[in-house]
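J.: Numbering (my numbering), first residue to last: 32 to 469.
Every residue, glycine too, gets a C-beta built ideally from N, C-alpha and C.
Keep in mind the model is a prediction, meaning the values are calculated, not measured.
Quick one: the structure is below, questions incoming.
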Ligand code: HOZ
């Protein structure tokens, strides 16, 4: 390995940040508590590469936790943002760009006929649930252990992502009465889901699910799971809400609903559709969506919703994806190359690692086989992951700082960068193995 990287400036920035921001961050996983050491503080990104404030360069697989499918600062997106900014950054009035982004979403996502644009994935799921409750006249929501749907009250029960990373059972500040509106079942378990329905006849408004779970690490739905949810919802008069904040436009233009051929009633989107700016969206049939004010009686609003800069970034990103016929095939090939290389590297070092992957989204679990639910995911060797994370960082590869997050490959990655990452992983797995032996 070359000379150790220096991180003095990152450390100084974090010390300053900790005095002003809780934990020094604005989103908990970024604090690196799960992997130890100081976070690297980022100065800039270009393509698949990041540079930190000490001048160290990294191959990036965080991709801002998913939005950056084109990589950092793609020229077309930067141009679109600058052009939009020059015309004014926010109006509190309708703009053509909102309809343009909506048209692209409606054209691509099979179950969406009409969409409401908001500012984050959290807002999207929260608002879609309000709509589901209004449409059904019921209060209860069924979610799956290990799925994360943002930080709204009532959705933090057995949640993935940061809540899993920090092993929090739930969050103080959520009134017990709100939490009681959320029912839980294990992911990929239709029998347990059916039992929850049976125990609450006529009372469940909605089943909310990540159709590919991405916040307990990546966990694929077992064959028939999503179809089974559709059937259960139909049988019991509940709505099916797919949280495609991660999967939307990531595992294909039409997201998981297209890939697995299941039509939800409502879909939440975010990440890729904002091209790296803050955007969320929820959509469904015209009849359902026209319940939203001012067309209907269900209230939800936002000063910066449909923001011109965010619309410009989203439109430029979706247009770049649409113009590039081979985009998803290339993403899949790069994902497969990374998966294969990592699997070989782990095997070579004698470290049990099982890699879950759908297209360009993947999680290598320090487990003997890929998990099918949160209980299995939680059995992963998180200490080994932490060691691996640090070893990769020191070799110039930046990974999401938790075993329970998903890695993302972008169109700015190429085979050479993937191979460099795999070479780093060979050493990093070796470090994990030596530590276990020693
Ligand atoms: N828990 C979020 C991803 N699943 C973190 C987002 C962030 O910190 O940027």
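Is there contact here, the stretch 171-179 with the stretch 321-337, by at least three beta-carbon pairs under 8 Å?
T.: Taking 8 Å as the limit for Cβ pairs, the verdict is that the stretch 321-337 does not touch the stretch 171-179.
J.: DSSP three-state call for residue 282: helix, strand or coil?
T.: Reading the chain shown from its first residue, position 251 is the one you call residue 282. The answer is coil: DSSP assigns residue 282 none of H, G, I, E or B.
J.: Below 8 Å between beta carbons: does that hold for residue 376 and residue 453?
T.: Residue numbering aside, residue 376 sits at position 345 when the chain shown is read from its first letter. Residue numbering aside, residue 453 sits at position 422 when the chain shown is read from its first letter. Yes.
J.: Roughly how many angstroms lie between the CA atoms of residue 256 and residue 225, to the nearest whole one?
T.: Locating residue 256 in the chain shown gives position 225, where the first residue counts as 1. Locating residue 225 in the chain shown gives position 194, where the first residue counts as 1. Roughly 12 Å between the two C-alpha positions.
J.: Residue 394: buried (16+ other C-beta within 10 angstroms of its C-beta) or exposed?
T.: Within the chain shown, the letter at position 363 stands for residue 394. Flag for residue 394 reads buried.
J.: Does the beta-carbon of residue 161, which I'm using as the reference point, lie nearer than 7 Å to any heavy atom of the ligand HOZ?
T.: Counting from 1 along the chain shown, the entry for residue 161 is found at position 130. No; taking the cut-off as 7 Å, the Cβ of residue 161 has no heavy atom of the ligand HOZ nearer than that.
J.: Sorted by chain position, which residues of the same chain lie with C-beta nearer than 6 Å to residue 87's C-beta, five sequence neighbours on each side aside?
T.: Within the chain shown, residue 87 is the residue found at index 56, counting from 1. So the qualifying residues of the chain are 36.
J.: Please determine whether the Cβ atom of residue 72 lies at a distance below 7 Å from any heavy atom of the ligand HOZ.
T.: As a first step, residue 72 must be located in the chain shown, where it is residue number 41. No, the Cβ of residue 72 stays beyond 7 Å of every heavy atom of the ligand HOZ.
J.: From residue 178 to residue 250, what distance separates their C-alpha atoms?
T.: As a first step, residue 178 is located in the chain shown; it is residue number 147 there, counting from the start. As a first step, residue 250 is located in the chain shown; it is residue number 219 there, counting from the start. Straight-line Cα distance between these residues: approximately 10 Å.
J.: Find out if the Cβ-Cβ distance for the pair residue 162, residue 297 is shorter than 8 Å.
T.: What you label residue 162 is simply residue 131 of the chain shown in a count that begins at 1. What you label residue 297 is simply residue 266 of the chain shown in a count that begins at 1. It is a contact, given that the beta carbons lie within the stated cut-off.
J.: Within 10 Å of its beta-carbon, does residue 400 have 16 or more other beta-carbons around it, so buried, or fewer, so exposed?
T.: Numbered from its first residue, the chain shown carries residue 400 at position 369. Its Cβ having fewer than 16 others within 10 Å, residue 400 is exposed.
J.: Given 7 Å as the limit, tell me if residue 441 has its C-beta closer than that to any heavy atom belonging to the ligand HOZ.
T.: Numbered from its first residue, the chain shown carries residue 441 at position 410. Residue 441 Cβ: outside cutoff for every heavy atom of the ligand HOZ.
J.: Any contact between the stretch 209-227 and the stretch 141-155? By contact I mean 3 or more CB pairs, one from each, below 8 Å.
T.: No: fewer than three Cβ pairs fall under 8 Å.
J.: Just how far apart, CA to CA, sit residue 348 and residue 231?
T.: Counting from 1 along the chain shown, the entry for residue 348 is found at position 317. Counting from 1 along the chain shown, the entry for residue 231 is found at position 200. Going by the C-alpha atoms only, they are around 43 Å apart.
J.: Closer than 8 Å by C-beta to residue 89: which residues in its own chain qualify, once you throw out the five before and the five after it? Chain order, please.
T.: For the purposes of this step, residue 89 is identified with residue 58 of the chain shown, where counting begins at 1. Taken in chain order, the residues that qualify are 71, 80, 81, 82, 83, 424, 427, 428, 429.
J.: Which residues mark the beginning and the end of the alpha helix (DSSP H) in which residue 346 is found?
T.: Walking along the chain shown from the start, residue 346 turns up at place 315. Looking at the DSSP string, the run of the alpha helix (DSSP H) that includes residue 346 is 339-354.
J.: Apart from the five residues on each side of it in sequence, which residues of its chain come closer than 8 Å, Cβ to Cβ, to residue 61?
T.: Numbered from 1 along the chain shown, position 30 holds the residue referred to as residue 61. The residues are 70, 432.
J.: Which word fits residue 359, buried or exposed, when buried means at least 16 other C-beta atoms lie within 10 angstroms of its C-beta?
T.: As a first step, residue 359 must be located in the chain shown, where it is residue number 328. Burial call: buried.
J.: Kindly indicate which residue of 342, 409, 421 has the alpha-carbon position closest to the one of residue 134.
T.: Counted from its first residue, the chain shown places residue 134 at position 103. With distances taken between Cα atoms, residue 134 lies closest to 342.
J.: Between residue 23 and residue 155, what straight-line distance do the alpha-carbon atoms span, to the nearest angstrom?
T.: For residue 23 there is no data in the structure shown, the boundaries of the chain being 32 and 469.
J.: With a threshold of 7 Å (Cβ to nearest heavy atom), would residue 453 be considered close to the ligand HOZ?
T.: If you number the chain shown from 1, residue 453 lands on position 422. No, since every heavy atom of the ligand HOZ falls outside the 7 Å radius drawn around the Cβ of residue 453.
J.: Run through DSSP, which three-state label would residue 37 get?
T.: Looking up residue 37 in the chain shown gives position 6. Residue 37: coil per DSSP, three-state reduction.
J.: Is residue 463 a contact residue of the ligand HOZ, with contact defined as CB to any heavy atom under 7 Å?
T.: Locating residue 463 in the chain shown gives position 432, counting from the first residue. For the ligand HOZ, not one heavy atom lies less than 7 Å from the Cβ of residue 463.
J.: Could you give the residue range of the beta strand (DSSP E) that holds residue 395?
T.: Your numbering for residue 395 matches position 364 in the chain shown. Element bounds for residue 395: 392-396.
J.: By a C-beta neighbour count over all protein chains shown, 10 Å radius and 16 as the cutoff for buried, is residue 263 buried or exposed?
T.: The residue you call residue 263 lines up with position 232 of the chain shown. It counts as buried.
J.: Quick check: the Cα distance between residue 273 and residue 406, rounded to an integer number of angstroms?
T.: For this step, residue 273 is matched to residue 242 along the chain shown. For this step, residue 406 is matched to residue 375 along the chain shown. The straight-line gap from Cα to Cα measures roughly 22 Å.
J.: Check residue 403 in the structure and name its three-state DSSP category.
T.: Working through the chain shown from its first residue, we reach residue 403 at position 372. Residue state, collapsed to three classes: coil.
J.: Taking 8 Å as the cut-off, decide whether the C-beta atoms of residue 85 and residue 38 are in contact.
T.: By 1-based counting over the chain shown, the position of residue 85 is 54. By 1-based counting over the chain shown, the position of residue 38 is 7. For residue 85 and residue 38, yes; Cβs fall inside 8 Å.
J.: Any contact of the stretch 89-99 with the stretch 292-312, i.e. 3+ C-beta pairs under 8 Å?
T.: A contact exists between the stretch 89-99 and the stretch 292-312.
J.: Closest by CA to residue 317, which one among 146, 351, 374?
T.: Locating residue 317 in the chain shown gives position 286, where the first residue counts as 1. Of the listed residues, the one whose Cα sits closest to residue 317 is 146.
J.: Which whole-angstrom value is the C-beta distance of residue 332 and residue 313, which I expect to be below 8 Å?
T.: As a first step, residue 332 must be located in the chain shown, where it is residue number 301. As a first step, residue 313 must be located in the chain shown, where it is residue number 282. That pair is no contact at about 14 Å.
J.: Note the first and the last residue of the continuous alpha helix (DSSP H) segment covering residue 147.
T.: Locating residue 147 in the chain shown gives position 116, counting from the first residue. Taken as a continuous stretch (DSSP letters only), residue 147 belongs to no alpha helix (DSSP H), being part of the beta strand (DSSP E) at 145-149.
J.: Please report how far the alpha carbon of residue 307 lies from the alpha carbon of residue 345, in whole angstroms.
T.: For the purposes of this step, residue 307 is taken as the residue at position 276 of the chain shown. For the purposes of this step, residue 345 is taken as the residue at position 314 of the chain shown. Cα-Cα distance, rounded: 8 Å.
J.: The ligand HOZ and residue 179: does any heavy atom of the ligand fall closer than 7 Å to the residue's C-beta?
T.: Translated into the one-based positions of the chain shown, residue 179 becomes position 148. Yes; taking the cut-off as 7 Å, the Cβ of residue 179 has a heavy atom of the ligand HOZ nearer than that.
J.: Between the alpha carbons of residue 119 and residue 276, how many angstroms are there, rounded?
T.: By 1-based counting over the chain shown, the position of residue 119 is 88. By 1-based counting over the chain shown, the position of residue 276 is 245. Each residue's alpha carbon lies about 28 Å from the other.
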